[in-house]
Structures are given as structure tokens and as C-alpha cells.
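Here is the structure we will look at, set down as C-alpha cells.
Numbering (the working numbering), first residue to last: 54 to 120.
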């Protein structure tokens, strides 16, 4: 069970319910995206995996905040 907003859940307003459903829908969509990515990665050759990881590291470095 997700504790998204305890105050919203206690009040049981329709808006709170819609917000919870929206969050759950996003989680479902993210799960589908992750499953698709994993399925794709399982088809990669070792060389393709190395290239993918290198590209992912570049993207992570680009968006990691600098101190």
C-alpha cells in the first residue's frame, strides 16, 4: 500500500482519489517501460551492452549536479 498523502487519504476527497489513481497509473506505466527496457537489454550482444552502458554513463554524468 502506498502512503501518498495521509491527509488526503483521511479526508477521502474525490480529488485525493483521482491523485492516487494518477500516481498508480504512472507507476504502472513506469513498470511497463522498465520491463520493455529489460527485454530489449536481454537481446544485446556483449559489445552492444558495453556501448549502451557507456552511453548511459555519459547521460548520467551530464545530468548529475555539480557541487
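We treat Cβ as the ideally placed atom computed from N, Cα and C, and that holds for glycine.
Go through its chain and collect everything with a Cβ distance to residue 54's Cβ below 7 Å, but skip five positions before and after it. Any answer about residue 54 is weak, because its pLDDT of 43 lies below 50 and its placement is not dependable; what the coordinates show is given next. The beta carbon of residue 54 sits closer than 7 Å to no other beta carbon from its chain once the five residues preceding and following it are set aside.
Measuring CB to CB, does residue 102 end up less than 9 Å from residue 94? The answer is yes: Cβ separation under 9 Å.
Between which two residues does the alpha helix (DSSP H) containing residue 119 stretch? Where residue 119 is concerned, there is no enclosing alpha helix (DSSP H), given that its DSSP letter is neither H nor E.
What is the DSSP secondary structure of residue 98, counted as helix, strand or coil? Correct three-state label for residue 98: coil.
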